[in-house]
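Reviewing the structure listed below.
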Ligand SMILES: C[S@@+](CC[C@H](N)C(=O)[O-])C[C@H]1O[C@@H](n2cnc3c(N)ncnc32)[C@H](O)[C@@H]1O
């Protein structure tokens, strides 16, 4: 590989991430011609996208999903959270590695693997990546009926996704697994990108900081839709409380799921999260560092299954005959 090419590789991304190399803007414009309207030179004079403009970012994401993942139709309301694709893909690749590590180095693929995405949003991003990369089946839950409707529309309008993703509305915002999983359901993995902020004011401050980092500008009243509608980003007690409550409830579903997992954005929340995992007596915890661009984050995964139960799980669900 030439040194020029190596320089352009985003080495912080997972080795199987489809976006490790600099975006091929010309190819992306072919996928989504609208993108041409949002190309402008960056400070080094290279063609780039205006990352502070939510419409530009959404247009880029549509092009990325179309070009790299074969997703032709990805429509959802502009007020909803628009996810950075490479970062979301990394979560899926790292949890796929986790399953592989516990399966003699072979990542289980195909519809023998069922994954629950807690808080699928309106964008359906984790199921999209999981289906395209590993052919897994997904259950996507959310407390917002409009998000569930939006995910259903995305699934219905992409042949690739049909029959692979089931949407389930969580009617009680305090619950995560109750009301979504039946007693006999078995899922191999749960994933989650929790609401981060504890209040609308905190969400607005966060958005201001994000805009300042991207543009250097101070904005008084930022558009929240830059990063998603309030419900998607806000939970009373913030990320920590959401994860804590999820861990507590996961105990009740300890035999229904092999690996539970969540993204943890705030490093300072880790200590309390580990304490909760200890309190609820999980049998195994795994922390996976993930870093995209300037931001580093982590996935925390846990299981209640004993070594023998894990073996039985693999043998009955993942073994290829
Ligand atoms: C930060 S967004 C993540 C959206 C999407 N997964 C993504 O990564 O872009 C969090 C989502 O969790 C949903 N949510 C909040 N409480 C929930 C609960 N108890 N069960 C399921 N989803 C919930 C919100 O409505 C929101 O869509």
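Residue numbers (the working numbering): 158 to 478. Note that the Cβ used here is the ideal one computed from N, Cα and C, for glycine as well. Every value quoted in this text rests on a predicted model; they were computed, and no experiment measured them.
Per-residue burial, residue i [other beta carbons within 10 Å of its own, 16 or more giving buried]
| i | result |
| --- | --- |
| residue 383 | Summary for residue 383: the model assigns pLDDT 48, below 50, so the residue's position carries little reliability; its value from the coordinates is reported in the next sentence. With 16 or more other Cβ atoms within 10 Å, it is buried. |
| residue 460 | buried |
| residue 178 | exposed |
| residue 399 | buried |
| residue 396 | buried |
| residue 407 | buried |
| residue 204 | exposed |
Contact under 8 Å by Cβ, residue i with residue j
| i | j | result |
| --- | --- | --- |
| residue 291 | residue 271 | no |
| residue 344 | residue 414 | yes |
| residue 430 | residue 391 | no |
| residue 340 | residue 298 | no |
| residue 295 | residue 274 | yes |
| residue 218 | residue 249 | no |
| residue 454 | residue 425 | no |
| residue 330 | residue 300 | yes |
| residue 448 | residue 229 | no |
| residue 389 | residue 210 | no |
| residue 420 | residue 349 | yes |
| residue 318 | residue 288 | yes |
| residue 213 | residue 185 | no |
| residue 334 | residue 409 | yes |
| residue 269 | residue 416 | no |
For residue i, three-class secondary structure by DSSP
| i | result |
| --- | --- |
| residue 196 | strand |
| residue 419 | strand |
| residue 333 | coil |
| residue 323 | strand |
| residue 297 | strand |
| residue 259 | coil |
| residue 266 | coil |
| residue 390 | helix |
| residue 340 | coil |
Euclidean distance between Cα positions of residue i and residue j
| i | j | result |
| --- | --- | --- |
| residue 190 | residue 222 | 14 Å |
| residue 418 | residue 346 | 7 Å |
| residue 464 | residue 404 | 20 Å |
| residue 259 | residue 182 | 38 Å |
| residue 360 | residue 200 | 29 Å |
| residue 158 | residue 225 | With a pLDDT of only 48 at residue 158, under the threshold of 50, the placement of this residue in the model should not be trusted, and no figure is reported. |
| residue 308 | residue 280 | 6 Å |
| residue 196 | residue 175 | 21 Å |
| residue 445 | residue 457 | 6 Å |
| residue 394 | residue 355 | 5 Å |
| residue 234 | residue 452 | 26 Å |
| residue 180 | residue 171 | 16 Å |
| residue 467 | residue 227 | 34 Å |
| residue 188 | residue 338 | 38 Å |
| residue 202 | residue 208 | 15 Å |
Limits of the unbroken alpha helix (DSSP H) element including residue i
| i | result |
| --- | --- |
| residue 472 | 464–474 |
| residue 405 | 395–409 |
Within-8 Å CB hit, residue i to chain D
| i | result |
| --- | --- |
| residue 430 | Looking for chain D here will not work: only one protein chain is present. |
Where the beta strand (DSSP E) through residue i begins and ends
| i | result |
| --- | --- |
| residue 271 | 271–275 |
| residue 346 | 344–349 |
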